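Reading through the structure tokens given below for one structure.
Protein chains in written order, with the working numbering: chain Z, 544 to 836; chain C, 44 to 493.
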């Protein structure tokens, strides 16, 4: 039998079939269902609960006119850029670089402290962050003890509070990814650069970062997608308030679908969220591909 | 050939048999099952006990009938979602279920509930149910779709120690909004570090903002949220603006908590757990269930609450009749619209809610009785020191116009209060923004200027 026999060719795909079926059922299924629901006026209760009608793009048109939508879109981008791309990613890299130079004891202590926040279940971390930033919280007690002005952080600067909380909670992941990546940078490469007179900054910028570029892109993609979906943390700390000041897209989708019982409209918000995740994913994939010759 | 024919015949015969097995059994005979869905949690077993008792009683009286109890372990929100999902399909819908008064109207709109009018007319006990409570099971078409199980009311809870320190005469009973403000100012003057009068506001406290705050104001002005006669939402009312103006005064004069704290979703925990027991708060508007937090075994057990706390009805704006106003929620029992045995299902509801079962449930779950005979029972009246006061408010209570648009309207009201207490908008501006929001939610033709 020749090697390129069609039957044999098809047979080679057989082992991946279960995975494809599982993906189709549990990943593509819900995504398609959500997309379909977003084109109807389905509700949890009320007139359209049992017999939703097809409304075409009506939910999306409504979304474009909804004053809450541009605000929550901007807040989502701000949250992802601030807490994932800048916060977790850069801080994780910095920690990983510094920990390589620190004494083992310091490195272990810092590592444990950072990973501890990551190990906490999201709901516990959310309550801890709430207890830290709230009016009678740890932050104000510390500021008070130091003779500084106390503030209503969750009220005055809700986005700053949730961004910091998410950085605190998620940095460990980036740190672990970068520690592994840095260990993979050949020592002779940096040593050679050092011999040529490159400073520490130059070595980082021109040797280390280009070498671990693949890890950076992978890490960025993972933390971005994780952060896009953050709900519990924000819900517990501010419930999207005050005056929608921290209503990101997941919070908006939840409110519409379950608080207002408007499944059609809520899934339209969720679909937009999926699209944004897709855009980020495509951008990072490009970044990954470009590094290959 | 012959073999083929006989094979076809036997196939058809088998199909006919199989199909006939699928048709519903004759309802007059054989085993009949009534599925009952309700909520049960570790701290809420009173309902389970009631249904267990009713099951025994009903099965003994109706031979061949099985009551299949389906307790759902979930909190209120999750129970609501689970029930709504079960009701979406006739094949999973229960025959009898525990239904939040707040969901009745929209679930009737969805076609989930059976109209009980003709059956209730033939039930002698129905006359013993309180008229205001009956309203909770009424839908937009005027029909009754659910039987109330118990309810709650809202009143002003105040700390006697704080009031005495300010020289306020006890028992306190304010006759108008002005009275409340004057008393609050007295408290502020006497004890500057005490919060004189708390009223929830803003989206942080969610439904608590409107149930324990704004609606007591609004319904005391003679205005309402929804016009029952024309089935339209009220906009542009003077009462709405006045209510916002009252909150504005309360927060502006710092008689309430600072806005930043009022918008904290967890502020109610401080009210019950910290401020009242430590005499840091003069008064708040809260539900009849307040003692359940302070009772032995409650979340904020406080042995002295019976002596230190007092309760007063919330007054109307200028003391107009009936002099007080309250808001109620509560739960009902409903019969599924798709039930195969509507009569049996309804009869089970009447068994579950007869005088004896109602009394046991009401006392065990700190509910306010909706049956006049239960309310008069000594066992009910001695359940906690405030039962009598808060039960009396059923006569002046209101229920939310819980149509399917209601959750969005409620959010718009919460936003209006938030804009006012933070000083972002004047009461007039906030009321105008609310009017625009309502028109956007229900459509301009479903609003009425009053």
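All residues carry an ideal CB built from backbone N, CA and C; glycine is no exception. Bear in mind the structure is a predicted one, so any value in this text is a computation, not a measurement.
Reference residue i, options the options, closest by Cα
| i | options | result |
| --- | --- | --- |
| residue 218 of chain C | C/114, C/463, C/199 | C/199 |
| residue 98 of chain C | C/413, C/395, C/293, C/407 | C/395 |
| residue 282 of chain C | C/359, C/244, C/334 | C/359 |
| residue 385 of chain C | C/188, C/251, C/446, C/306 | C/188 |
| residue 437 of chain C | C/415, C/252, C/85, C/135 | C/415 |
| residue 91 of chain C | C/407, C/473, C/165 | C/407 |
| residue 124 of chain C | C/146, C/133, C/138, C/364 | C/146 |
| residue 108 of chain C | C/96, C/171, C/77 | C/77 |
| residue 777 of chain Z | Z/641, Z/626, Z/806 | Z/626 |
| residue 173 of chain C | C/313, C/238, C/417 | C/417 |
| residue 633 of chain Z | Z/727, Z/830, Z/716 | Z/716 |
| residue 832 of chain Z | Z/756, Z/570, Z/731 | Z/756 |
| residue 731 of chain Z | Z/750, Z/744, Z/718 | Z/750 |
| residue 279 of chain C | C/485, C/481, C/75 | C/481 |
| residue 105 of chain C | C/399, C/266, C/300, C/390 | C/390 |
| residue 412 of chain C | C/141, C/171, C/387, C/256 | C/171 |
| residue 331 of chain C | C/471, C/321, C/357, C/102 | C/357 |
| residue 306 of chain C | C/251, C/140, C/234 | C/251 |
| residue 490 of chain C | C/373, C/392, C/421, C/267 | C/267 |
Contact with chain C by residue i, beta-carbon distance below 7 Å
| i | result |
| --- | --- |
| residue 695 of chain Z | yes |
| residue 686 of chain Z | no |
| residue 548 of chain Z | no |
| residue 675 of chain Z | no |
| residue 595 of chain Z | no |
| residue 580 of chain Z | no |
| residue 740 of chain Z | no |
| residue 756 of chain Z | no |
| residue 605 of chain Z | no |
| residue 656 of chain Z | no |
| residue 681 of chain Z | no |
| residue 612 of chain Z | no |
| residue 788 of chain Z | no |
| residue 583 of chain Z | no |
| residue 588 of chain Z | yes |
| residue 832 of chain Z | no |
| residue 670 of chain Z | no |
Other residues of its chain near residue i: CB distance less than 8 Å, five sequence neighbours each side excluded
| i | result |
| --- | --- |
| residue 339 of chain C | 346 |
| residue 163 of chain C | 169, 187, 190 |
| residue 62 of chain C | Confidence is the limiting factor: at residue 62 of chain C the pLDDT is only 45, short of 50, which leaves the residue's position unreliable and the question unanswerable from this model. |
| residue 362 of chain C | 218, 219 |
Own chain partners of residue i with C-beta closer than 6 Å, once the 5 adjacent residues on each side are dropped
| i | result |
| --- | --- |
| residue 432 of chain C | 354 |
| residue 370 of chain C | 197, 254, 258, 441 |
| residue 262 of chain C | 368, 441 |
| residue 151 of chain C | 182, 188 |
| residue 477 of chain C | 455, 459 |
CB contact below 7 Å: residue i versus chain Z
| i | result |
| --- | --- |
| residue 197 of chain C | no |
| residue 149 of chain C | yes |
| residue 246 of chain C | yes |
| residue 304 of chain C | yes |
| residue 443 of chain C | no |
| residue 131 of chain C | yes |
| residue 470 of chain C | no |
| residue 152 of chain C | yes |
| residue 70 of chain C | A caution first: residue 70 of chain C carries a pLDDT of 46, below 50, which makes its placement in the model too unreliable to give a value. |
| residue 308 of chain C | yes |
| residue 127 of chain C | yes |
Residues near residue i in its chain [Cβ-Cβ closer than 7 Å; skip 5 each side]
| i | result |
| --- | --- |
| residue 302 of chain C | 294, 464, 465 |
| residue 274 of chain C | 183 |
| residue 603 of chain Z | 811 |
| residue 763 of chain Z | 628, 632, 827 |
| residue 528 of chain C | It is not possible to answer for residue 528 of chain C, since the shown part of chain C is limited to 44 through 493. |
| residue 591 of chain Z | 584, 585 |
Strand pairing of residue i, partner residues [DSSP]
| i | result |
| --- | --- |
| residue 78 of chain C | C/111 |
| residue 714 of chain Z | In DSSP, residue 714 of chain Z forms no bridge with anything. |
| residue 245 of chain C | Looking at the DSSP assignment, residue 245 of chain C forms no beta bridge with any residue, so it has no partner. |
| residue 172 of chain C | C/414 |
Discussion item. What are the residues in the stretch 446-457 of chain C lying within 9 Å of chain Z by C-beta distance?
Written reply: 446, 447, 448, 450, 451, 454
Fill in: chain C contacts made by the stretch 698-720 of chain Z, where a contact means CB separation under 8 Å
698, 699
Practice prompt. Select from the stretch 768-786 of chain Z all residues with a C-beta closer than 7 Å to any C-beta belonging to chain C, and list them in chain order.
Written response: 782, 784, 785, 786
Fill in: Contact residues within the stretch 629-650 of chain Z, judged by C-beta distance below 9 Å to chain C
none
Worksheet entry | Residues of the stretch 814-830 of chain Z with Cβ closer than 7 Å to any Cβ of chain C, in chain order | none
Discussion item. Any C-beta of chain Z within less than 9 Å: which residues of the stretch 177-193 of chain C qualify?
Written reply: none
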